[in-house]
Each structure stands twice: as structure tokens, then as C-alpha cells.
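As given, the protein sequences belong to chains A and B, one line each in that order. The numbering of the first sequence is this note's numbering, which starts it at -5 and goes up by one. The numbering of the second sequence is this note's numbering, which starts it at -5 and goes up by one. Beta carbons: idealized from backbone N, C-alpha and C, even for Gly.
Number of protein chains: 2
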Amino acid sequence: MEFHFEVLKTDPSGARLGRLTTPHGVVDTPAFMPVGTAGTVKGMTQEALEDLNVGLLLSNTYHLYLRPGHELIARMGGLHRFMSWRGGILTDSGGFQVFSLADLRKVSDEGVRFRSHLDGSEHFLTPEKAIEIQRALGSDIGMVLDECIECPASRERTQEASVRTVEWARRCKAAIDAGRPSEANPGQVFFGIVQGGAYQDLRRENAEKLVELDFPGYAIGGLAVGEPHEVSREIAAATAAHLPQDRPRYVMGVSKPEQLADYVRCGVDMMDCVLPTRNARNGYLYTRQGPLHIKNATYAQDSRPVDESCGCMVCRRYSRAYLSHLFRANEILGAILNTHHNLYFYLDMMRAIREAIALGGLSQFCSELQARLEAGRPE
Amino acid sequence: MEFHFEVLKTDPSGARLGRLTTPHGVVDTPAFMPVGTAGTVKGMTQEALEDLNVGLLLSNTYHLYLRPGHELIARMGGLHRFMSWRGGILTDSGGFQVFSLADLRKVSDEGVRFRSHLDGSEHFLTPEKAIEIQRALGSDIGMVLDECIECPASRERTQEASVRTVEWARRCKAAIDAGRPSEANPGQVFFGIVQGGAYQDLRRENAEKLVELDFPGYAIGGLAVGEPHEVSREIAAATAAHLPQDRPRYVMGVSKPEQLADYVRCGVDMMDCVLPTRNARNGYLYTRQGPLHIKNATYAQDSRPVDESCGCMVCRRYSRAYLSHLFRANEILGAILNTHHNLYFYLDMMRAIREAIALGGLSQFCSELQARLEAGRPE
């Protein structure tokens, strides 16, 4: 299968129902991608991800580059084969991870010099190198290298990063056009990433320049880096407006479950976020009535499932009391079951959002969601 | 279903093929019981245990008593319901765990005073209390409280512990007969435990006294506490010889996979051991050619499964290279997959042993196993 994207329906709210095809299958959009940082979604088997109908997951170039190394993965036949994952994989370029290293990095026009968080060894990531690594990994969708910065940031700093991001995208594009395709996955494509902080004119300028480079899809980067949700949503909407209708739009690193629909209404087709998996390991579970901290004493003797209206494997079988015990005893099964539930919750939310778009009622869906959340926290 | 045990066939080697019925199902014997210390087999979901056809698992009275507490579990409807486990559960009495606390305990004729390994709180475990806790848990098979000691130990010390073990078994029996059955599991039974260290005459005396008390099954305790395998096997055989033919015999805490058949040839019907699960978490994996340390550099680029002749879910899908990466990256999935493989290996070994008994060839099976292990380590 070749990379292909199709918008099937556009909602009055701006939301799009679509279908994304990669060399590893078809996914319905808007889609949520679970994060599998180091070639595994923490706490999940690949079998369990398949049971949850995960069609596309995200993995991290930065982490895989450092360990076990992209060359090793290439020798093992690429990331799909290495981790035995039949579905799609999107790899980020490492830009965000390097950004989050803070004191361990130094950015220049040439690239980013950084120290490994694992052993302190020094590395130099350039746009060309980011493409090379991702080709070795053989993901279905790779990302160009961008300079992701904090938000808020001064206009000057934001502009500098935006200009650099465009220049790096140009160099990535040249590397993509010049080099040999991924051996493991010749149908791999690369998305551009729009930066520009919270400045709508910079976002516009950045988007227009990237669109000139003609990528098969565009990410809206530099969100979920500290700004309020309102700002994030406005920026996502303003940026999406400057991106071509026929290409998938991906907001990186978002969001809380009740905010997913907000991004979808901005015309966003793809999202990824560590919240469901990371929160799960911290005992923070999602329910249709709001979050539940499994470590709270009140759940230690609660024989009900996490969410009585949830159809997941965990809620069908295990009680809050048992999950509470597993969490306190720091048992692996706690992480496994919590993660399964939270991912199911996110994916089910996305399924409901797609259904609402299909039925033409995403705005109503959002109002109902809001009302339900305001009505009650889980007891 | 009521507790019931039936010997279907006895092998010339002394091995028995049998069928054990508890209120939670029927298991073929000889049976291996995975260890689920704190109400969970570390790294396994209950669904995965069912997939592996686990019919009986072991859980620890000591751990559950301390956390989350037996009374809480009783209020939640017993251990089966608490952990959502439909199969059988055997609970040990806490004797072995208290033994392993070493400096944190003080044994008297009355019982054992010990400090919690979790918070240092002081507790007093008596034979009567051990029965009370296990009734609250509602396991299918409980164990009487015994005094487990190190091996080798002086004859004097061993005799003292043996006498105390018989006296405690008597008190347990009185408590069982006098008290109310488990509310969660009225069909619960309790096994006696034979002690006597490495002294065959003490073992015999101990066994005879316990048999007088008429338990529905007998454990051979005090093995796997430091003695060589040869000694362990001799003691198991010598002790089993003094136990009734029509009752199940359970050797506690054994063994390495290649030694399972040795115990079976002693006429043993049940075993439990932490090795497959604990070793898995340390990256020590079993294969038909001997153990494999997944952290060895040689496996980092090895695309073969852990054991090419293994039919488990892990070997059908994942490579040594991937498991090596997961182990190095300390990923939860590493523990999950390693545990699954090792448990499959043990359970499959037991299945092969039962098959060999059914076909009348356990001695031949043992010779072949030995030859295969001597022939080669995995590359």
C-alpha cells in the first residue's frame, strides 16, 4: 500500500472525517496514536495493542537512535520487524526530545549538539541525520527536524526558531529527494512541522513556506509546551487554516481526553500524547465522569470497575479495589491494567468523535461531554 | 465441586499421573503452580494465565495478610473474586516467608513473632491465626503453619522444629475442626506439612504423626533451603514413601525445570517455584538447550526466537534482539514477555512429563532431557 490520505467528510465545526493509508494499513481519522517511546508502548504487548485496534503508533527517533541504535534496527529489518508490529508507525524526528534535554543541548544553524540522557555521550543531530536515522528505522511516517521551543517565548526567539525550522525542513526535503529510500520501508513518507509559537503571523508565514516545500502531511509542533489550552487551540486552528485541505494535519503531543475534540474541531486529523500511558503508571485513570486516582484510600474496598460504563477488558473483569492493591504493592500488573484501560478510553473517545462527525453532531458531542464532566467526579 | 484426588496411573519409576479437583476446577497432576505472591503472578494478566492453562496458582498468606489485609480480601468476597481468578488457588501458611525474615522473627512454641518487611510493624502468627487468615482469603487449598528451618541444620535443632511442626499441625487441625469454614470458599481444605530436615528418620516420624492427623493432602516442606539437589531428591523420595498413596503430595518451592521430573519420580504430584517468574525478570530464560541470559551482547542482534522449538506466544512472534533491547531499556514489556515464555516452558515441561507417564516412559524422558542439556547450550 502507498501513502494516501482522503477526507471523507467535513463537519460544520471544521472537523474532518478521513482515511489515512500507509504501507502498514489503513486508519480512520481523526486518529489517536499511543506513544511507544523505545519501540514498545510501556505496559502493553503488541497483541494487546492489536486487540485495541491501534492502527498507528508513535515511536521516538531520539530514544531508538541512542538505544538500541538505528543501524542495529536497520540490520534487523526495520522497526516494524524489530518490534513485531504489523500496523503503522510514525517516528518523530527527535527535535522535541532534544528540546526537552534543556541544559544538555546546544542549537546552531547546522544542527543540535546534545548529550545522551543515558550515558552522557555527545551526539550531533542535523536535518540530514534525522532523515537518515528514520530511514534506517523504516517508519511509515517520518518527521523533519524542527526547532521546538518553550511557550511563551519572545517574538525574536520564536522567529529565529521558525526561520531555522523552515531552513531545516528545506534541508530535510533535499536529503529525502537525494538519498535512497528506506530499505525496510520504501513507501515511507515525511511530514513537515510548522513552528511559530503563539504568534499567528509567524505560524502563517511558517506554514506557507512549508507548504511550498510540498510535504504529504503537516504537523503543528510547539504546542503542549506549557501554554494554556485556549492558546493551544487557537494556534492549532489558526495554523490549520493555512494548511492544504487534502493533506493530513497532525498536532504533536496533545492532549487531555476532554480536549481531543477541540483539536478535531480545528481540522486536525492526528494526535499523540503520553498522558494515557504515563498517567496510568501513576495510578491516574480516566472515566466518563472525570479522572480517578486509584491510590486514594476510598478505592481500596471498592468492588466496582474503574468506569462502570466502560467496555474494556479491565473494567469487565477487575475491581478498583484490586487495582488499588496492585498500585500500592507496585505490581507490574497494575501498570498493565491501568495502561490498557486508559488507552482504551482515549481510543474509544476518538471512535466516538469520528462517529459524531459522521452523524454531523460534533458540536453537540462536545456540549454533552462538557456537561457530563461538570456533573460529576467518580465517587 | 468438592476437593478430590485420584491417582490414574503409577509409573515404574514411582511417578504418578493424577487428577486433582478443587472447588475451582480440575487440574492434571503432576502439576506446576506459578507463584502469585501478592495476589498476582508478576508480569502476567489473569487472561494470560488462562491462555497458558494454569489451573492452580500459589499465593502467599504472609504477603496478603500484611497488604492489603485478609479482612479486606474477605470483605471483597475472598481472594478468587478479589483478583478475578477462576482457577484454583493454594495459599501457603506464611511459615516459609516468616522463616526467610531471619533477624526479624522470634519463634516460640506459641507461634512466631515477626516484623513486617514493609513497615516494621510487629505481628504474631500462630497456627490458629494462619488458619483464620487463610479462611478469610478463601483459597482452595490452605497449608498448616510449620516451622521451616535452614538445611543443613543440627539434628537437635531439626528435631525441635519437627516436634513443633507436629504440635502446630495438631493445633491447626483443631482450629479447622472447631471453626467456621471459609465464607468465600466453604469447600476449602488444608494440607499438612512434613518437616525433618535431611534426617530420614525424623522425616519418617514427622510424616507418620501428620498422617495420624488425617489431612487431605501433604506437603514436603523444608526443601529448597540451601541443600544440594541430590539431598533434596532423596529426602523427597524418603518422605513420600511414608505418605498415603491416595493423597496428593506437594513439594514446596521446587525446582529448576530439569529437576521437575526428578521430584515426579519420587511420587510427587504438585510443585511451585518462583524461578520461572523471578528469573524472567532478571533476563534469564529457559530453552530446551539450556538457559539463555538475554542481556548477553550476543543476543542484541539475534533475530531468532528465544527457543526455536518453543510454541509460546513470545517465541512465535518476538526475537532475542527485541527482548534484549527491552531488557536493557528496563521496559515493562521485557518482564511481561520473559515471564510468559518461562512459565510456558515450565508448564510445557510438566505437560510432557504427564504425557511420558501416560505412555509409561518417564525414565526414558529423563535420559533424553539430560542428553539434550548436555549436548548444547543455546548459541
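Point to revise | Straight-line Cα distance separating A25(B) from M344(B) | key: 7 Å
Check your understanding: Expressed to the nearest angstrom, what Euclidean distance is found between the alpha-carbon atoms of L337(A) and Q40(A)?
Key -> 13 Å
Exercise for review: Kindly provide the ranges of any alpha helix (DSSP H) runs that are 4 or more residues long and lie completely inside the region 104 to 183 of chain A, ordered along the chain.
Suggested key: 121 to 131, 149 to 172
Review point. To the nearest angstrom, how far is it from the Cα of M264(B) to the Cα of C306(A)?
Key: 35 Å
Review point. Using a beta-carbon distance cut-off of less than 9 Å, what residues from the region 322 to 335 of chain A approach chain B?
Key: R322, A323, E325, I326, L327, G328, A329, I330, L331, T333, H334
Review point. What are the boundary residues of the alpha helix (DSSP H) that includes T333(A)?
Key: 326 to 352
Exercise for review: Identify the continuous beta strand (DSSP E) that holds G82(A) and give its terminal residues.
Suggested key: 82 to 86
Review point. For chain B, is any of its Cβ atoms less than 7 Å away from the one on G37(A)?
Key: yes
Exercise for review: Examine chain B for any beta-carbon lying closer than 7 Å to the beta-carbon of M137(A), and answer yes or no.
Suggested key: no
Check your understanding: Whose C-alpha, out of G354(B), C360(B), V268(B), is nearest the C-alpha of R10(B)?
Key -> G354(B)
Review point. CA-CA distance, E206(B) and P238(B)?
Key: 11 Å
**Study point:** Short CB-CB distance (under 7 Å) between S78(A) and chain B
**Key:** yes
Check your understanding: So the alpha helix (DSSP H) S357(A) belongs to, where does it begin and stop?
Key -> 356 to 369
Review point. Which class does E41(B) belong to by DSSP, given the choice of helix, strand or coil?
Key: helix
Point to revise | Assigned secondary structure, M307(B) (DSSP; H/G/I helix, E/B strand, else coil) | key: helix
Review point. Is M70(B) close to chain A, meaning its C-beta is less than 7 Å from at least one C-beta of that chain?
Key: yes
Review point. Which residues, taken in chain order from the region 269 to 299 of chain B, show a beta carbon closer than 7 Å to some beta carbon of chain A?
Key: A294, Q295, S297
Exercise for review: Compare the C-beta of A315(A) with all C-beta atoms of chain B and state if any pair is closer than 7 Å.
Suggested key: yes
Check your understanding: Comparing the C-beta of P62(B) with each C-beta of chain A, is any distance below 7 Å?
Key -> yes
Check your understanding: Between which two residues does the beta strand (DSSP E) harbouring V245(A) extend?
Key -> 243 to 245
**Study point:** Those residues which DSSP pairs with M265(B) across a bridge
**Key:** F26(B), V245(B)
Exercise for review: Indicate whether the contact test is met: 3 or more Cβ pairs, each with one atom in the region 286 to 299 of chain B and one in the region 60 to 79 of chain B, closer than 8 Å.
Suggested key: no
Check your understanding: Between M(-5)(B) and T16(B), which are expected to be in contact by the criterion C-beta below 8 Å, what is the C-beta distance as a whole number of angstroms?
Key -> 7 Å
**Study point:** According to DSSP, residues forming a beta bridge with A19(B)
**Key:** Residue 19(B) is actually Gly in this sequence, not Ala. Answer is T16(B), bridged to G19(B).
Exercise for review: Please decide whether H111(A) counts as near chain B, where near means a Cβ-Cβ distance under 7 Å.
Suggested key: no
Check your understanding: At a Cβ threshold of 7 Å, is H18(B) touching chain A?
Key -> no
Review point. Is V219(B) near E144(B), with beta carbons less than 7 Å apart?
Key: yes
Exercise for review: Starting from Y59(B), find everything on chain A with Cβ-Cβ shorter than 9 Å and list it in chain order.
Suggested key: The premise fails here: Y59(B) is roughly 13 Å from chain A at the closest Cβ pair, so nothing lies under 9 Å.
Practice item. Look at the alpha carbon of S122(B) and the alpha carbon of C166(B), and state the distance between them as a whole number of angstroms. Key: A small fix is needed here, since residue 122(B) is Glu in this sequence, not Ser. Whole-angstrom Cα-Cα distance: 6 Å.
Check your understanding: V219(B) by DSSP, collapsed to three states: which one?
Key -> coil
Point to revise | Closer than 7 Å to chain A by CB, Y312(B) | key: yes
Exercise for review: Kindly say whether A32(B), judged by its beta-carbon, lies nearer than 7 Å to any beta-carbon of chain A.
Suggested key: yes
Point to revise | Euclidean distance between Cα positions of S102(B) and H223(B) | key: 30 Å
Review point. Under 7 Å between C-beta atoms, does H319(B) make it to chain A?
Key: yes
Review point. What is the rounded straight-line gap between the Cα of G33(B) and the Cα of R80(B)?
Key: 13 Å
Review point. How about S78(B) and T55(B): do their beta carbons lie closer than 7 Å?
Key: no
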